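Undergrad:
Numbering (the working numbering), first residue to last: 6 to 354.
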């Protein structure tokens, strides 16, 4: 640490070993189901570094960077852990590259931070099991070489409008994408048969589902001189996409249709959900007990005050689908919880 610059660097080295311990011998896989499987070992490493530059006492610039590898998740490592210890093909460690650049300002009436962030996650493994109507059997669907990119900008601030009124806000906009064309292996769950091997999945530039890629929150809080407070937050969410079914983004999925056939767009296009909002209310009061200099505090939060339960917060396309009737197995959605309450009483001494 120097007068104007603070910096750090960190290194790590790790070893991960896992295996499957089967408790029952399966007649279809007598040599791959009972007892301990072969152990899988992954040696991984990482580097973190960063610096803080003090432009002045009120204006700060910082950067953080990271490169590391991680062992694959054990739940994604086996083709069918319920029945056997067969490994997913091409199993390898995940690679993570990440960085963020921050500008902080600290003024008497304003605290704010502006951040640009970038994270790339490469070589992920994706494994699911479901009933496949085309193959007419329960299948294990595995993708390797799954790369994802997360980048965007965040802004947060806190401003004292008066001695009792405080304005807060946060905003983020990002682009969260699949960055590769993974390869899929499909096997029957109850046999060693490989249905498809190294099947190309055209996921590149599809949006990562399950989260808003744009969010805004603005709040107003009143702190009364007599130890009570009340506030309200308005939250807005946008650019929400359903998690895509990878098998619908393959050449085989549309091979039966001519170019320009309307069903092709229904199969390939990714569903974007409507934007939504929520209003939250909070209030509280504290009492000082002079006898022993302790405090009694009461707090109440009401989330989704307007009871907006029609807002779809996310969801996914079913892995099971019918290319000739894409609505046969409709999308699954998650909805915002209705109005909820949280009451807390605490005693501090």
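Note that CB positions come from ideal geometry on N, CA and C, so glycine has one too.
All of these numbers come straight from a predicted model, not from anything done at the bench.
How many angstroms separate the CA atom of residue 45 from the CA atom of residue 195?
TA: Here residue 45 refers to the residue found at position 40 of the chain shown. Here residue 195 refers to the residue found at position 190 of the chain shown. Near 24 angstroms, if we compare the C-alpha coordinates of residue 195 and residue 45.
Undergrad: Going by DSSP in three states, residue 253 sits in which element: helix, strand or coil?
TA: By 1-based counting over the chain shown, the position of residue 253 is 248. If DSSP states are grouped into helix, strand and coil, residue 253 belongs with the helices.
Undergrad: On the three-state DSSP scale, how would you describe residue 126?
TA: Here residue 126 is taken as the residue at index 121 of the chain shown, counted from 1. Of the three classes helix, strand and coil, the one that applies to residue 126 here is strand, per DSSP.
Undergrad: Tell me which same chain residues have a C-beta within less than 6 angstroms of the C-beta of residue 125, skipping the five on either side of it?
TA: Your numbering for residue 125 matches position 120 in the chain shown. Within the same chain, residue 125 has close Cβ partners 102, 154.
Undergrad: Hey, quick one: how far does the beta strand (DSSP E) through residue 217 stretch, first residue to last?
TA: The count along the chain shown starts at 1 and reaches residue 217 at position 212. Start and end: 217 to 228.
Undergrad: Measuring alpha carbon to alpha carbon, tell me which residue in 217, 223, 309, 16 is nearest residue 277.
TA: Numbered from 1 along the chain shown, position 272 holds the residue referred to as residue 277. Looking at the Cα atoms, 217 is the closest of the given residues.
Undergrad: Checking 8 angstroms against the spacing of the C-beta atoms, do residue 41 and residue 19 come in under that value?
TA: Position 36 of the chain shown, counted from the start, is the residue given in the question as residue 41. Position 14 of the chain shown, counted from the start, is the residue given in the question as residue 19. No; because the gap between Cβ atoms is not below 8 angstroms, this pair is not in contact.
Undergrad: Here's the rule: buried if 16 or more other CB atoms are within 10 angstroms of the residue's CB, otherwise exposed. What is residue 247?
TA: Along the chain shown, one-based indexing puts residue 247 at 242. Buried is the call here.
Undergrad: Give a yes or no on whether the C-beta atoms belonging to residue 58 and residue 9 are separated by under 8 angstroms.
TA: For the purposes of this step, residue 58 is taken as residue 53 along the chain shown, with counting starting at 1. For the purposes of this step, residue 9 is taken as residue 4 along the chain shown, with counting starting at 1. Contact: yes.
Undergrad: Look at residue 238 and residue 169 and say whether their C-beta atoms are less than 8 angstroms apart.
TA: Here the question's residue 238 lines up with position 233 in the chain shown. Here the question's residue 169 lines up with position 164 in the chain shown. The answer is no: Cβ separation not under 8 angstroms.
Undergrad: Go through the stretch 15 to 91 residue by residue and report every complete run of the beta strand (DSSP E) that reaches 3 residues or more, in order.
TA: Complete beta strand (DSSP E) runs here, min 3: 45 to 59, 64 to 75.
Undergrad: If you run the structure through DSSP and keep just helix, strand and coil, what is residue 258?
TA: By one-based count along the chain shown, residue 258 stands at place 253. Of the three classes helix, strand and coil, the one that applies to residue 258 here is helix, per DSSP.
Undergrad: Can you tell me where the alpha helix (DSSP H) holding residue 365 begins and where it ends?
TA: Because the chain spans 6 through 354 in this model, residue 365 falls outside it and cannot be assessed.
Undergrad: Starting from residue 214, trace the beta strand (DSSP E) both ways and give me its first and last residue.
TA: Translated into positions along the chain shown, residue 214 becomes position 209. That residue, residue 214, is in no beta strand (DSSP E); it is neither H nor E in DSSP.
Undergrad: Going by DSSP, which residues form a beta bridge with residue 289?
TA: For the purposes of this step, residue 289 is identified with residue 284 of the chain shown, where counting begins at 1. 234, 304, per the DSSP bridge assignment.
Undergrad: Please identify the residue among 28, 184, 108 whose C-alpha is closest to the C-alpha of residue 161.
TA: For the purposes of this step, residue 161 is taken as the residue at position 156 of the chain shown. Among 28, 184, 108, the Cα nearest to that of residue 161 is on 108.
Undergrad: Could you tell me which uninterrupted beta strand (DSSP E) segments, each at least 3 residues in length, are contained entirely in the stretch 121 to 168, listed from first to last along the chain?
TA: As far as the stretch 121 to 168 is concerned, its whole beta strand (DSSP E) runs of at least 3 residues are 142 to 165.
Undergrad: Give the DSSP-derived three-state secondary structure of residue 198 in the structure shown.
TA: Stepping through the chain shown from its first residue, residue 198 is reached at position 193. DSSP places residue 198 in coil when its eight states are reduced to three.
Undergrad: If we ignore side chains and look at the alpha-carbon of each, how far apart do residue 141 and residue 327 end up?
TA: Within the chain shown, the letter at position 136 stands for residue 141. Within the chain shown, the letter at position 322 stands for residue 327. C-alpha separation (whole angstroms): 12 angstroms.
Undergrad: In three-state DSSP terms, what is residue 354?
TA: To locate residue 354, count along the chain shown from 1; it is residue 349. Reduced to three states, the DSSP call for residue 354 is coil.
Undergrad: DSSP three-state label for residue 294, please.
TA: Here residue 294 refers to the residue found at position 289 when the chain shown is read from its first residue. Three-state result, residue 294: strand.
Undergrad: List the whole-angstrom C-beta distance separating residue 98 from residue 113, where the pair is believed to meet the contact cut-off of C-beta under 8 angstroms.
TA: Within the chain shown, residue 98 is the residue found at index 93, counting from 1. Within the chain shown, residue 113 is the residue found at index 108, counting from 1. That pair is no contact at about 49 angstroms.
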